[in-house]
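Protein chains in written order, with this note's numbering: chain F, 236 to 677; chain V, 236 to 677; chain Z, 4 to 490; chain U, 4 to 490. Step one of this worksheet: look at the structure below.
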Ligand SMILES: Cc1ncc(COP(=O)(O)O)c(C=O)c1O
Ligand SMILES: Cc1ncc(COP(=O)(O)O)c(C=O)c1O
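The following block contains the structure:
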């Protein structure tokens, strides 16, 4: 096996040095009744070219962009990934390193993630952003636990306009410890409706903006409402690119921001890995879950970076830690930083604006052919339309023509009438949109 | 444009420093009558995702492995390229460096090419191998010029069993200076026939082994014949992998070896770039064309490597240089070295043997269905069969089924009867061969 | 001393990203607009441009290329970080994960459009079951700790379904910090138990604390001392008898593939770290993947959606598991990490995986044998995948574990894990993995022996280490005292 | 002095490949044989195994990863190697060249199976014609020197076809060494002519030597002093009048894209260096590509096979050019290099290419302007893509060009081209290219100025340079005296 450097002779010499007879004898600490009897039942090993062929074949069984025209987002977005992004992120010094426990030989990762923390903090309008979390959903769930810890209260108000999967993850995290999740509905405009909410013991209000319907939430108003009751405002997002042109959540009063950064240079990858972006105001730093990188100096006074504030973490505090998280999605954070550096301020704005324009075009044209917008609030690159009954059948046939357009969100929102969530990004051309429209035009 | 770092402000400041008014004013040294009038007529620029799409489309218009089952060689061979080979060769420190003129910051390239020279010399049985040449054909042509220079004679004897393209390149190189090319035919066994050759003023005999028919040449005998007349034996090859199991050319008396190294980890790439491997006996070193890397020491006595024996080269000797070559195919040599290091002795032998076995199987089976071998000499992974008249029609239909099998060599060898050159490498499975056979079985 | 120090070479300087930026630059080009410009209303649109530095493409390339050279990875050299299984990360795995047909698949594509993806997930689950001796798996957990959390949630849900509430969980003192933290997230109070004199947990100890208010035990096997928990079968019986469950932290599975079937010896739930045992790159801090595996009776509690084989053929995703703990992540886990692990398992096969474990154990024991005369070995028994020394013999010279670690850098090695496990003061936890060659081990041993000598003869030199790196020791205290977490 | 030296950092040692090898290792795995084993006869089969070192996969990975870190590339930092146009090599080009549909195409696939390839080649030829103002092109030449050879062969063939034999060719003294060497390969005897006092060739000089035994002139434009050959139109007239042809070495085309049409000013044949002007990576010594382009009347002489557009649509390859100089390479040239150049041209378009040239010239003049007070500038006129200084002002301190070059490394820069062109003693030839930013240029200028000061104040320090690199100056004399060319 090409990954093993041991020659027969090496093994013999090593066993001799150790003073055992055979490889099997190394396992003398394993009682006989714990040993496996037979050998594992796994497919025969493949040499590299057989493996390539097998994987090509399996990969070929999936509908993937660019062969697919994608007018669908809902938590994963198809954005162009500049070729330099993976080329740099995959430099083996970055890719094959562990968490930077030894700063003297990890300054590459450390500076890069410190830069990520900084860029992310600026975009989200936060003081501090962690070195990453698993994904937007788990970041959001953990940020609610943070709010609970910080406020000492035990209820969280969660908008129904948050991505349904995110809400499910919140349930998973909060259920066993008995924290209560109160759901808030949404208005005709498509944003979170706080009327009639019972704020008793509310630690936080969680909203997403742009929300699952694509609508931009009035965060300032939500902040006022939450703060008025002593709750924190936790703002989430699934489409990080929107941070390029929307008012940032921090500037509108969010206390914690927890969202998904996949749009920043990560492939959709059937949903993972993504990037959990988690930031907070300065006074919440010591309740943040996960790793933080800080600036310091070496013995010669040269600047350098280290993992810091470890006393929040599990390896020091064990069950009293702010979270159990250990490995995070650091490489995804590195990737996001490279992506942001590549776009720069101007590129980010232009990219965001292009996304908005494409989506606006699609929305206008759908409206023209009888699929009206369901909500009236401004949207970024996603929106919900009410489709005619026959649309589902057409949509299915489109898959064969290489178009995946819209997602029915009926099951999640039974009160809406045949609602479909659409998305358009910079990668889809007007010609492609028009081709799709021609297919669905009645 | 993302490749230009100049802001408007930068340009202004720089022009000011230089003391000119505008960018156009920088071209004051270009007389007005030399300036282009209009702008160039080129397609509009594409952003990266448009470019990706365009290139995907153009790439998609070609029949490429692994979608194609390839039973064809004739100078380019489909071998598996281990994933580590491009991953390492494309490390940007290797890829974006120039020729290592400044050894103190080029030791990576220098040691790697020194190692290539060493491995190649061992494989070819030569004392010295150059840092690379453009490809096998040009290496062969230049080695004949070497022989002419060394011997002071002006005729070269060239086997007709050498790849026709290689012979054409020899013509191109030798024609203008009036050197005479005498062609030698081939025997029924399929190897070079030296009977009746006029050796007057012969500087060299050039043969290829395995030759264009796939047959292994009796190099020792050819060496005796050449040396007997004072000519040098120049041995060529197009399938470098054969060096893994065949007696090496040096051990059989070759004075110069000049062949193609594409099989060592380079993609077929529609024929280029490849790797010209060019080696010689020690006494011919100073007549070698192209770059050589040698071992030396630094001021602290540490070992290191430098470009050496530059006095043979054009930048020192100008018109008296041993060649005009400057940039060579260094990155291809690096790639070949990585490939060889990956295989190692045992892997190389196994790889070569697997190739031979696949080809032998194909040959046996073709024979069974009425396509006899044309030649009787041993072959490596290529061979010529006589096909029935209807084969060409079948072969065409096979292309649609994703099989490219055999090459008609009739035009190059009108004296043969419907001859087809076949090849099989390690990447083709028995099942694929059988599928092909089933298609062509009468 | 034959060991040579690493050399020092040119190391490029590189400022912070925003010190490089210059307004007017951009590393991406845009096509001409093909749709009309539509402004967002002022009340939602930002009035200023975000403060992101502007660079040209080459600036970005140089910035990150230079930063990368300040790092040390497995590709750079031996990385014997204990408990982290820093084995070679095969390049072929990267090729497979980079295939467009995997990387560019939307997670909400209809089932017909992701059969290859689902098949891979399904087969990987099966493979992992086979390797651990468990019955069912979920690939959702995003890392080891997340797998632990999934496991704890499963314990919790199983108890709830039985109408039980238990408040405690037994966790040995050798456990990784994530274990108590994960348990705490589910409201379990960890009961720390001490391992016995030979470094393993004694059944007796468990018997003494296991009761009806205890949900079960979380036990790492092999444990973080690199030792097999030989009394685990008995421990399982004890825990089961009291109505508890046994959770195994399988992060150290690299010692036992094909050797021990965790399922057969009584484990009910286990998680694996694909980024350790199954060779996926750690990426300087993740993403990893921490699949959770269970015995049949716990299958209903696994996270949803689950990958299922449809009766009519093909694969699907199903939410129809009412007892499920729910969803652990936004979609289905770190699929692209799973592709790499699948690629690894398919490349090795059963015999290859078993051999990986045997050689990993061989390497660890070789280091144990060749260093134990100069470094204190708290538990002098054959180890499995790693061996744990301490700095006790160096303390007379005022040289500690941290100094040894830093000095190793000068010899071109990544340091081992230090000061963990906590049960060994000044621990030096060395996990070479199977992909290190004998020569590399010998060089490492030589470096360690040299450092021990240096500690005696020239402790100041060791205190001053590292001297070859571009920065010297960094002030971590200051960093924590006055945190500067953003520029 | 504000300029900071580069740092020194950890640089891993790495032995020669064969010192790493150990019989029994192998970096590749094989499938089970699915066909019978067939031995080759003893008289052709080697009786021993080739002497190639055996390594496991990780050994190979570490060997080359470490070696790579001893190198300096454009991605590492500024690489102002004159005459080499070391501009940024876009990563997107690598993506395109790596596409299976290009990389894995056999060169003898039937035309129907390579339409994308042929279209790319055809369009690239057209683009290059447009950029140079020529009429027809061949992508076959494998590098710049090979393009020159193709050009010389075309001159030779054209003369032959007219029944002429001419023995001489005019080559200015500023020419790159490849020019006389290429001419010599075709049997032409170079007649060296001196450039005039302002660094360009005077028409008068050509008039004096051009005769009926002279095939023409080989002239580099802009020349290697970075100057436009302003008298070229007149020179062309003179050469043409005497029945000769004008060959332009277009390796420096990066100065003139969209600015000067070489065809319009009288050039008959030109070659381009795709690995310079068109951003393809140099790879530490190639592969490059040196397409040759000609005026219509010389088209019949271009190398075969040629890419043609078929009347019935689609593209093909044709050998039907009886006057052709023949084949230059085994197949059709460095196709995968052509893919990169095509990708570059399509990314920039006409305006982008023109801007590249303008900015390249801007950068060179900026360096010229900011250094000329401290370094001797032999030709103090505005330059094009590069500027040439000399060490004259440093000689009083016994500091020469070589010392400046080596000292630049300590400041983190690749040195410029040195001691070329030959017409300037101790020349320092600086070609920044358009992809260097103002800040980078400023740092470079600062480093150069600092070195000039150091030369005066502390020449020993400059003589001792480089001090940051892992090796110091290497003994090239010894290397040549006792060549050790294989291990
Ligand atoms: C024994 C053990 N368990 C759990 C973990 C946590 O794994 P992760 O970092 O993937 O969350 C680790 C990681 O260091 C570990 O060593
Ligand atoms: C002016 C000039 N002409 C020709 C060449 C030769 O090009 P190549 O190295 O590609 O053969 C060079 C390369 O340095 C050059 O600078």
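We put the CB at the ideal spot given by N, CA and C, even for glycine. Treat the numbers as computed from the prediction; the structure is a model and nothing was measured.
Legend entry - Beta carbon of residue 659/V nearer than 8 Å to that of residue 594/V: The sequence position of residue 659/V within the second chain is 424, counting from 1. The sequence position of residue 594/V within the second chain is 359, counting from 1. Yes, they are a contact pair.
Legend entry - Euclidean distance between Cα positions of residue 288/Z and residue 509/F: Residue numbering aside, residue 288/Z sits at position 285 when the third chain is read from its first letter. Residue numbering aside, residue 509/F sits at position 274 when the first chain is read from its first letter. Taking the straight line joining both Cα atoms gives about 14 Å.
Inset, instruction - Can you grab the Cα-Cα spacing for the pair residue 31/Z / residue 577/F, in whole Å? - result: For this step, residue 31/Z is matched to residue 28 along the third chain. For this step, residue 577/F is matched to residue 342 along the first chain. So the alpha carbons of these two residues sit roughly 6 Å apart.
Legend entry - Positions along the stretch 244–268 of chain V whose CB lies within less than 8 Å of some CB in chain U: 245, 246, 248, 249, 250, 252, 253, 254, 255, 258, 259, 261, 262, 263, 264, 265, 266, 268
Inset, instruction - Under 9 Å between beta-carbons, which chain U residues line up against residue 388/V? List them in chain order, please. - result: Taking the first residue of the second chain as position 1, residue 388/V is located at position 153. None at all; the shortest Cβ gap to chain U is about 17 Å.
Inset, instruction - Put residue 262/V into one of helix, strand or coil per three-state DSSP. - result: Along the second chain, read from residue 1 onward, the residue named residue 262/V stands at position 27. Residue 262/V: helix per DSSP, three-state reduction.
Inset, instruction - Could you tell me whether any non-hydrogen atom of ligand 1 is closer than 7 Å to the CB of residue 287/V? - result: On the second chain, position 52 is the one that residue 287/V refers to. Not so, every heavy atom of ligand 1 lies at least 7 Å from the Cβ.
Inset, instruction - Taking all protein chains shown into account, decide if residue 50/U is buried (16 or more other Cβ within 10 angstroms of its Cβ) or exposed. - result: Stepping through the fourth chain from its first residue, residue 50/U is reached at position 47. Residue 50/U comes out exposed.
Inset, instruction - Let me know the beta strand (DSSP E) ranges lying completely inside the stretch 130–194 of chain Z, each 3 residues or longer, listed in chain order. - result: 139–141, 171–175
Legend entry - Per-residue burial, residue 107/Z [other beta carbons within 10 Å of its own, 16 or more giving buried]: Sequence index remark: in the third chain, residue 107/Z carries index 104 (1-based). Buried, since its Cβ has 16 or more Cβ neighbours within 10 Å.
Inset, instruction - Specify the secondary structure class of residue 593/F as computed by DSSP and reduced to three states. - result: As a first step, residue 593/F is located in the first chain; it is residue number 358 there, counting from the start. The answer is helix: DSSP assigns residue 593/F an H, G or I state.
Inset, instruction - Alpha carbon to alpha carbon, how far is residue 269/V from residue 538/F? Give it in angstroms, no decimals. - result: As a working note, residue 538/F is residue 303 in the first chain. As a working note, residue 269/V is residue 34 in the second chain. Whole-angstrom Cα-Cα distance: 54 Å.
Inset, instruction - Would you tell me roughly how many angstroms separate the C-alpha atoms of residue 213/U and residue 232/U, rounded to the nearest one? - result: Within the fourth chain, numbered from 1, the residue matching residue 213/U stands at position 210. Within the fourth chain, numbered from 1, the residue matching residue 232/U stands at position 229. Taking the straight line from one Cα to the other gives about 17 Å.
Inset, instruction - Using DSSP bridges, identify the partner residues of residue 219/U. - result: Counted from its first residue, the fourth chain places residue 219/U at position 216. Paired residues: 248/U.
Inset, instruction - Return the chain-ordered ranges of every beta strand (DSSP E) run that is complete within the stretch 277–354 of chain V and spans a minimum of 3 residues. - result: 304–306
Legend entry - Cβ-heavy atom distance, residue 148/U to ligand 2, below 7 Å: For this step, residue 148/U is matched to residue 145 along the fourth chain. Correct: residue 148/U has its Cβ closer than 7 Å to ligand 2.
Inset, instruction - Would you kindly report the start and end of the unbroken alpha helix (DSSP H) that includes residue 491/U? - result: As displayed, chain U neither begins before 4 nor continues past 490, which places residue 491/U out of reach and without an answer.
Legend entry - beta strand (DSSP E) runs contained entirely in the stretch 358–430 of chain Z, provided each spans 3 or more residues: 390–393
Inset, instruction - Indicate, with yes or no, if ligand 2 has a heavy atom lying under 7 Å from the CB of residue 135/U. - result: Indexing the fourth chain from 1 puts residue 135/U at position 132. Because no heavy atom of ligand 2 lies under 7 Å away, the Cβ of residue 135/U does not count as near it: no.
Inset, instruction - Pick helix, strand or coil for residue 4/Z, following the three-state DSSP scheme. - result: As a first step, residue 4/Z must be located in the third chain, where it is residue number 1. Because the pLDDT at residue 4/Z is just 44, under 50, the model does not fix this residue reliably, and the point stays unresolved.
Legend entry - Contacts of residue 340/F in chain U (Cβ-Cβ under 7 Å): What you label residue 340/F is simply residue 105 of the first chain in a count that begins at 1. Simply 13.
Legend entry - Test: residue 315/V CB closer than 8 Å to a CB of chain F: Within the second chain, the letter at position 80 stands for residue 315/V. Closer than 8 Å to some Cβ of chain F, the Cβ of residue 315/V qualifies, so yes.
Legend entry - Collapsed DSSP secondary structure at residue 463/V in the structure displayed: Residue 463/V sits at position 228 when you count from the first residue of the second chain. Residue state, collapsed to three classes: helix.
Legend entry - Alpha-carbon spacing of residue 585/V relative to residue 575/V, whole angstroms: Here residue 585/V is taken as the residue at index 350 of the second chain, counted from 1. Here residue 575/V is taken as the residue at index 340 of the second chain, counted from 1. Rounded to the nearest angstrom, the two C-alpha atoms are 13 Å apart.
Legend entry - Bridge partner(s) assigned by DSSP for residue 274/Z: Position 271 of the third chain holds residue 274/Z. Residue 274/Z pairs with 252/Z, 295/Z.
Inset, instruction - Starting from the beta carbon of residue 238/F, find every residue of chain Z whose beta carbon is closer than 7 Å, and list them in chain order. - result: Within the first chain, the letter at position 3 stands for residue 238/F. Within chain Z, the residues near residue 238/F are 91, 93, 438.
Legend entry - Same chain, Cβ closer than 8 Å to residue 168/Z, five either side skipped, listed in chain order: By 1-based counting over the third chain, the position of residue 168/Z is 165. Hits under 8 Å: 162.
Inset, instruction - Inspect the beta-carbon positions of residue 74/U and residue 329/V and report whether they are closer than 8 Å. - result: Stepping through the fourth chain from its first residue, residue 74/U is reached at position 71. Stepping through the second chain from its first residue, residue 329/V is reached at position 94. Yes. Within cutoff.
Legend entry - 8 Å Cβ shell around residue 386/F - same chain, five flanking residues per side excluded: The residue you call residue 386/F lines up with position 151 of the first chain. Answer for residue 386/F: 438, 439, 465, 466, 467, listed in chain order.
Legend entry - Short-range partners of chain F found in the stretch 409–420 of chain Z, where Cβ spacing is below 8 Å: 409, 412, 417, 418, 420
Legend entry - Chain-ordered neighbours of residue 322/F on chain U, where CB pairs are closer than 9 Å: Within the first chain, residue 322/F is the residue found at index 87, counting from 1. Here the neighbours are 94, 97, 98.
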